[in-house]
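K.L.:
Sharing a structure here in structure tokens format.
Number of protein chains: 2
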Amino acid sequence: MVFPKTEYLARVHAAQQAMAQHGFGALWISTEAEFRYFTGYMTKFWESPCRPWYLVIPASGLPIAVIPGIGAALMAKTIVQDIRTWAAPDPVDDGVSLLADCLTEVANGAPIATPSGQQSLIRMPLNDLTALQRKIAPLRLVDDAGIVRSLRMVKSTAEIEKIRTICGVAGRAFDRVGEIAAPGVSLRRVFGGFQSLCLQEGADWVPYLAGGAGAGGYDDVISPADDTPLAAGDVLMLDTGAMRDGYFCDYDRNFAIGHASDQVKDGYKLLIEATAAGADALRDGVRACDVFAAMHRVLARMGDESGVGRMGHGLGLQLTEWPSLNASDETPLRAGMVMTLEPSLTLPGGGVLVHEDNYAITTSGADKLSPDAAPELPIIG
Amino acid sequence: MVFPKTEYLARVHAAQQAMAQHGFGALWISTEAEFRYFTGYMTKFWESPCRPWYLVIPASGLPIAVIPGIGAALMAKTIVQDIRTWAAPDPVDDGVSLLADCLTEVANGAPIATPSGQQSLIRMPLNDLTALQRKIAPLRLVDDAGIVRSLRMVKSTAEIEKIRTICGVAGRAFDRVGEIAAPGVSLRRVFGGFQSLCLQEGADWVPYLAGGAGAGGYDDVISPADDTPLAAGDVLMLDTGAMRDGYFCDYDRNFAIGHASDQVKDGYKLLIEATAAGADALRDGVRACDVFAAMHRVLARMGDESGVGRMGHGLGLQLTEWPSLNASDETPLRAGMVMTLEPSLTLPGGGVLVHEDNYAITTSGADKLSPDAAPELPIIG
Numbered sequence: 001m002v003f004p005k006t007e008y009l010a011r012v013h014a015a016q017q018a019m020a021q022h023g024f025g026a027l028w029i030s031t032e033a034e035f036r037y038f039t040g041y042m043t044k045f046w047e048s049p050c051r052p053w054y055l056v057i058p059a060s061g062l063p064i065a066v067i068p069g070i071g072a073a074l075m076a077k078t079i080v081q082d083i084r085t086w087a088a089p090d091p092v093d094d095g096v097s098l099l100a101d102c103l104t105e106v107a108n109g110a111p112i113a114t115p116s117g118q119q120s121l122i123r124m125p126l127n128d129l130t131a132l133q134r135k136i137a138p139l140r141l142v143d144d145a146g147i148v149r150s151l152r153m154v155k156s157t158a159e160i161e162k163i164r165t166i167c168g169v170a171g172r173a174f175d176r177v178g179e180i181a182a183p184g185v186s187l188r189r190v191f192g193g194f195q196s197l198c199l200q201e202g203a204d205w206v207p208y209l210a211g212g213a214g215a216g217g218y219d220d221v222i223s224p225a226d227d228t229p230l231a232a233g234d235v236l237m238l239d240t241g242a243m244r245d246g247y248f249c250d251y252d253r254n255f256a257i258g259h260a261s262d263q264v265k266d267g268y269k270l271l272i273e274a275t276a277a278g279a280d281a282l283r284d285g286v287r288a289c290d291v292f293a294a295m296h297r298v299l300a301r302m303g304d305e306s307g308v309g310r311m312g313h314g315l316g317l318q319l320t321e322w323p324s325l326n327a328s329d330e331t332p333l334r335a336g337m338v339m340t341l342e343p344s345l346t347l348p349g350g351g352v353l354v355h356e357d358n359y360a361i362t363t364s365g366a367d368k369l370s371p372d373a374a375p376e377l378p379i380i381g
Numbered sequence: 382m383v384f385p386k387t388e389y390l391a392r393v394h395a396a397q398q399a400m401a402q403h404g405f406g407a408l409w410i411s412t413e414a415e416f417r418y419f420t421g422y423m424t425k426f427w428e429s430p431c432r433p434w435y436l437v438i439p440a441s442g443l444p445i446a447v448i449p450g451i452g453a454a455l456m457a458k459t460i461v462q463d464i465r466t467w468a469a470p471d472p473v474d475d476g477v478s479l480l481a482d483c484l485t486e487v488a489n490g491a492p493i494a495t496p497s498g499q500q501s502l503i504r505m506p507l508n509d510l511t512a513l514q515r516k517i518a519p520l521r522l523v524d525d526a527g528i529v530r531s532l533r534m535v536k537s538t539a540e541i542e543k544i545r546t547i548c549g550v551a552g553r554a555f556d557r558v559g560e561i562a563a564p565g566v567s568l569r570r571v572f573g574g575f576q577s578l579c580l581q582e583g584a585d586w587v588p589y590l591a592g593g594a595g596a597g598g599y600d601d602v603i604s605p606a607d608d609t610p611l612a613a614g615d616v617l618m619l620d621t622g623a624m625r626d627g628y629f630c631d632y633d634r635n636f637a638i639g640h641a642s643d644q645v646k647d648g649y650k651l652l653i654e655a656t657a658a659g660a661d662a663l664r665d666g667v668r669a670c671d672v673f674a675a676m677h678r679v680l681a682r683m684g685d686e687s688g689v690g691r692m693g694h695g696l697g698l699q700l701t702e703w704p705s706l707n708a709s710d711e712t713p714l715r716a717g718m719v720m721t722l723e724p725s726l727t728l729p730g731g732g733v734l735v736h737e738d739n740y741a742i743t744t745s746g747a748d749k750l751s752p753d754a755a756p757e758l759p760i761i762g
């Protein structure tokens, strides 16, 4: 476990207080981030789709794990003491009866809540979900009323320090991009090289890396890296979601390969300015749309924002979390939320520029977790 | 796209032939591996839970994408021409109505199939799934009768060559483990160093790395790496799921740090022998349980297999795929399947040893995709 047991116990207790308000008999969890949030259970076995993992939080007391036997010894090191296992994968009954029995036992006739809203999923085959609903009847599976989202959105000091640490790891990797990027080197090799730098600087994993390169900005930020070589005059962007101790950073840096046009340099400065405006707006009580508007006002001076539709989001156990910073989201931001600010700009020639930084919201403003970016587009290669 | 368009068109056509046999009006896909399988669409944006991606395969003709607008330009480079987008994330209707309309339009009154069996999931919030089912009524969402699983299990020659390539990448990284592992180096640093070696040798990503170290075998193969330093006399195991061009390898190698006990050396040789016995049994038409039994017979000479319950599985677009090699699975193996053989052994002191290799099944036997392992436990450090 990454934190002392008291941290996990406090999270479970907070969930149980909210459950009581809604009259839920149990909270059912099937996803990795939520498992880690409530128990500290961490394994790469989530990468394999062949083993489901289930957690049942009763109205009071410790969570119960319903998991493949292979995970029992590791689970016993967490706060969970009641561990019920089966030999997964079982083609006939892959833990469904065991889970249904557990839910029925603890729910005491009340509805069973599970995260069902945006950015959630049920990590269970649909056939098994249907079977589960039949087995627990007349108990019903209901939306958790945003309990898990509300809890996860506001980070503890310990969580914020974990995010600060991985932001620092990525920052040291960004400082070394000149070692791996130069004219003639393919973006594919730059991607590999940058992941390697993150690992050398202390990342446990690099689950996410996006980027792009082009003379007048990049084409898009979603394509995989290809074998096209970098050329002098390109602006290179690398956007990393590296992890350490189960927490993500998510920010980018831009670099001119040798040189860049005035348009790109000016665009970069505008993005830095827009990010600063967003950071100034970022404080306890402000609405998500107000932070969006603060960045948008700066970007509007040069042309248009890129049309991605949001300019930031929550960050923590996952690369992207709630809330989203967009024009219409009136969610009030709260102290303890960790946010990315991610203004983007489409240049007149159609190329895109993006800048991104990470912040924790405090009662008095924003605490910058990612290192300071260069005020002017840095030149490498 | 990683393959020529004809490869994807053939996959879609094969799905449509099977759909016709079952009377399905459409096949609905919501998951990354299936998107890549049918369209070649590849992006790291799947790492973010905030954007759903949907694909609809009609009874005939090309697939239709129902996706966030940010993915439209990249999707247009695939075989998909009909691309319907929305501005995700949309807190009110996150693509659900658009998807329901598309499914209703193409299904022509027939049931809509989606993968619902083992190792599948619906990548959509439960609230949205419920809304979708309501919107498409009276059309029903039904299990795809294993169509996608059956197709994906049998690989094309082009797919097998991709898996061979990434096996080679990992093999070159394993050859260099002596550069990163020595007494006093923590397993955490070894994990980082090994991922870095994989990237240097040509991996695009290293989504999975498990391992362990100990004098009499390792404790388990599921825990994250910690700061415990390697010691002379440890046996170190690294098990990697590296990716290139969207395909995984999944195999491990063991190393003695300086020296190892005779028991560990003998255990290693037995695992190599068990793997060879499994490979001898691996051919078109044999049952999964027969391959398990061939390995189990060898392991039984020294003591017991580890109780993990399976000794191999399918491999390809995902780290673990169907089928599983266990004692009871009578699935007939077929030429074109790519399998891991993964015998494991619990030594008398309680430590575990695992060996793993990757094979493609041919009409005449097994084609080894991972490089040959050392016949005796290699010594490094």
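Listed in order, the protein sequences are those of chains E and R. For the first sequence, the working numbering begins at 1 and goes up steadily by one. For the second sequence, the working numbering begins at 382 and goes up steadily by one. All C-beta atoms, glycine included, are put in the ideal place defined by N, C-alpha and C. Computed from a predicted structure; not experimentally measured.
From ASP250(E), GLY312(E), VAL80(E) and GLU159(E), pick the residue whose C-alpha is nearest to that of VAL2(E); which is it?
P.N.:
As a working mapping, residue 2(E) is identified with position 2 in the first sequence. Among ASP250(E), GLY312(E), VAL80(E) and GLU159(E), the Cα nearest to that of VAL2(E) belongs to GLU159(E).
K.L.:
Return the residue from the list LEU510(R), VAL393(R), PRO472(R) and LEU502(R) that minimises the CA-CA distance to ILE445(R).
P.N.:
The residue labelled residue 445(R) in the question sits at position 64 within the second sequence. When only C-alpha atoms are compared, the closest one is VAL393(R).
K.L.:
Sorted by chain position, which residues of the same chain lie with C-beta nearer than 7 angstroms to LEU349(R)'s C-beta, five sequence neighbours on each side aside?
P.N.:
Residue 349(R) lies beyond the range of chain R shown here (382 to 762); nothing can be said about it.
K.L.:
So is PRO519(R) buried or exposed if we call it buried at 16+ other beta carbons inside 10 Å?
P.N.:
In the second sequence, residue 519(R) corresponds to position 138, counting from 1. Exposed, because fewer than 16 other Cβ atoms sit within 10 Å of the Cβ of PRO519(R).
K.L.:
Going by DSSP, which residues form a beta bridge with PRO713(R)?
P.N.:
Here the question's residue 713(R) lines up with position 332 in the second sequence. ARG668(R).
K.L.:
Comparing C-alpha positions only, which one of GLU179(E), LYS368(E) and GLY202(E) sits nearest to MET381(E)?
P.N.:
To locate residue 381(E), count along the first sequence from 1; it is residue 381. Position check: residue 381(E) holds Gly in this sequence, whereas Met was assumed. Here the closest residue by C-alpha is GLU179(E).
K.L.:
Between the alpha carbons of ALA657(R) and ASP748(R), how many angstroms are there, rounded?
P.N.:
As a position in the second sequence, residue 657(R) is number 276, starting the count at 1. As a position in the second sequence, residue 748(R) is number 367, starting the count at 1. Roughly 12 angstroms between the two C-alpha positions.
K.L.:
Identify every run of the beta strand (DSSP E) within the stretch 196–282 of chain E, keeping only runs that are complete inside it and at least 3 residues long; order them along the chain.
P.N.:
Those beta strand (DSSP E) runs which fall completely within the stretch 196–282 of chain E and span 3+ residues are 205–214, 235–244 and 251–257.
K.L.:
List the residues of chain R that GLN200(E) touches, going by C-beta distances under 9 angstroms, in chain order.
P.N.:
Translated into positions along the first sequence, residue 200(E) becomes position 200. Those are GLY573, GLY574 and SER577, listed as they occur along chain R.
K.L.:
Spell out the partners DSSP gives MET720(R) in its beta bridges.
P.N.:
Position 339 of the second sequence holds residue 720(R). DSSP output for MET720(R) lists GLY695(R) and TYR740(R) as bridge partner(s).
K.L.:
With a threshold of 8 angstroms, are at least 3 pairs of Cβ atoms found where one atom belongs to the stretch 529–545 of chain R and the other to the stretch 589–597 of chain R?
P.N.:
With the cut-off at 8 angstroms, the stretch 529–545 of chain R and the stretch 589–597 of chain R do not touch.
K.L.:
Based on the DSSP output, what are the partners of LYS368(E) in its beta bridges?
P.N.:
Residue mapping note: residue 368(E) aligns to position 368 of the first sequence, counting from 1. Looking at the DSSP assignment, LYS368(E) forms a beta bridge with TYR359(E).
K.L.:
Which of the three DSSP states, helix, strand or coil, is assigned to TYR41(E)?
P.N.:
What you label residue 41(E) is simply residue 41 of the first sequence in a count that begins at 1. Reduced to three states, the DSSP call for TYR41(E) is coil.
K.L.:
Rounding to the nearest angstrom, what Cα-Cα distance links TYR402(R) and ILE136(E) in this structure?
P.N.:
As a position in the second sequence, residue 402(R) is number 21, starting the count at 1. As a position in the first sequence, residue 136(E) is number 136, starting the count at 1. The sequence given here has Gln at residue 402(R), not Tyr. Going from the Cα of GLN402(R) to the Cα of ILE136(E) covers about 34 angstroms.
K.L.:
Could you run through the stretch 102–114 of chain E and flag, in chain order, every residue whose CB is less than 8 angstroms away from some CB of chain R?
P.N.:
Cβ contacts with chain R: THR114.
K.L.:
Please report the residue range of the alpha helix (DSSP H) in which LEU502(R) lies.
P.N.:
For the purposes of this step, residue 502(R) is identified with residue 121 of the second sequence, where counting begins at 1. LEU502(R) -> no alpha helix (DSSP H), and no H or E assigned at all.
K.L.:
Does LYS425(R) have its Cβ less than 9 angstroms from a Cβ in chain E?
P.N.:
By one-based count along the second sequence, residue 425(R) stands at place 44. It does; some Cβ of chain E falls within 9 angstroms.
K.L.:
Along the chain, where does the alpha helix (DSSP H) that runs through ARG533(R) open and close?
P.N.:
Taking the first residue of the second sequence as position 1, residue 533(R) is located at position 152. ARG533(R) -> alpha helix (DSSP H) spans 528–534.
K.L.:
Consult DSSP for VAL142(E) and reduce its assignment to one of helix, strand or coil.
P.N.:
Here residue 142(E) refers to the residue found at position 142 of the first sequence. Reduced to three states, the DSSP call for VAL142(E) is strand.
K.L.:
Would you say THR320(E) faces chain R, with C-beta separation under 9 angstroms as the test?
P.N.:
Taking the first residue of the first sequence as 1, we reach residue 320(E) at position 320. Yes, THR320(E) counts as interfacial toward chain R.
K.L.:
For ALA491(R), tell me which candidate among GLN500(R), ARG569(R), MET400(R) and VAL733(R) has the shortest Cα-Cα distance.
P.N.:
Mapped onto the second sequence, residue 491(R) falls at position 110. Comparing Cα-Cα distances from ALA491(R) to each of GLN500(R), ARG569(R), MET400(R) and VAL733(R), the minimum goes to MET400(R).
K.L.:
So that I know if they touch, is there some Cβ in chain R lying closer than 9 angstroms to that of TYR383(E)?
P.N.:
Lying outside 1 to 381, the shown extent of chain E, residue 383(E) is not represented and no answer is given.
K.L.:
Leaving out five residues before and five after PHE191(E) in sequence, what residues of the same chain have Cβ atoms less than 6 angstroms from its Cβ?
P.N.:
Here the question's residue 191(E) lines up with position 191 in the first sequence. Cβ within range, chain order: LEU209 and ALA225.
K.L.:
Which residues, taken in chain order from the stretch 431–455 of chain R, show a beta carbon closer than 7 angstroms to some beta carbon of chain E?
P.N.:
Correct list: CYS431, ILE451, GLY452, ALA454 and LEU455.
K.L.:
Please name the residue, chosen from GLY406(R), ALA637(R) and THR743(R), that lies closest to SER441(R) on a Cα-to-Cα basis.
P.N.:
Taking the second sequence and counting its residues from 1, the one referred to as residue 441(R) is at position 60. For the residues GLY406(R), ALA637(R) and THR743(R), the minimum Cα distance to SER441(R) belongs to GLY406(R).
K.L.:
Run through DSSP, which three-state label would VAL185(E) get?
P.N.:
On the first sequence, residue 185(E) is found 185 positions in, with the first residue counted as 1. Coil.
K.L.:
Can you give me the C-alpha to C-alpha distance between GLN17(E) and LEU315(E), rounded to a whole angstrom?
P.N.:
On the first sequence, position 17 is the one that residue 17(E) refers to. On the first sequence, position 315 is the one that residue 315(E) refers to. In a straight line, the C-alpha of GLN17(E) is about 24 angstroms away from that of LEU315(E).
K.L.:
Is the CB-CB distance between PRO371(E) and VAL354(E) below 9 angstroms?
P.N.:
Walking along the first sequence from the start, residue 371(E) turns up at place 371. Walking along the first sequence from the start, residue 354(E) turns up at place 354. No, these two residues do not count as a Cβ contact at 9 angstroms.
K.L.:
Assuming LEU74(E) is part of the alpha helix (DSSP H), what are its boundary residues?
P.N.:
As a position in the first sequence, residue 74(E) is number 74, starting the count at 1. That run of the alpha helix (DSSP H) goes 72–75.
K.L.:
Quick check on ASP633(R) - is its C-beta less than 9 angstroms from some C-beta in chain E?
P.N.:
Along the second sequence, read from residue 1 onward, the residue named residue 633(R) stands at position 252. By this cut-off, ASP633(R) is not an interface position.
K.L.:
In the DSSP assignment, what are the bridge partners of PRO58(E)?
P.N.:
On the first sequence, position 58 is the one that residue 58(E) refers to. Its beta-bridge partners are ALA26(E).
K.L.:
How far does the alpha helix (DSSP H) with THR511(R) in it reach, from first residue to last?
P.N.:
For the purposes of this step, residue 511(R) is identified with residue 130 of the second sequence, where counting begins at 1. Where THR511(R) is concerned, the enclosing alpha helix (DSSP H) stretches over 507–517.
K.L.:
Within its chain, find whatever has a CB closer than 6 angstroms to the CB of GLY336(E); leave out the 5 residues flanking it on each side and keep chain order.
P.N.:
As a first step, residue 336(E) is located in the first sequence; it is residue number 336 there, counting from the start. Around GLY336(E): VAL154 and LYS155.
K.L.:
For a contact defined as C-beta to C-beta under 7 angstroms, what are the partners of ASN358(E) on chain R?
P.N.:
As a working mapping, residue 358(E) is identified with position 358 in the first sequence. The contacting residues do not exist; ASN358(E) stays about 15 angstroms from chain R at best.
K.L.:
Would you tell me roughly how many angstroms separate the C-alpha atoms of LEU758(R) and VAL733(R), rounded to the nearest one?
P.N.:
Working through the second sequence from its first residue, we reach residue 758(R) at position 377. Working through the second sequence from its first residue, we reach residue 733(R) at position 352. Approximately 15 angstroms, taken between the alpha carbons.
K.L.:
Between the beta-carbon of ASP585(R) and the beta-carbon of GLY593(R), is there less than 9 angstroms?
P.N.:
Locating residue 585(R) in the second sequence gives position 204, where the first residue counts as 1. Locating residue 593(R) in the second sequence gives position 212, where the first residue counts as 1. No.
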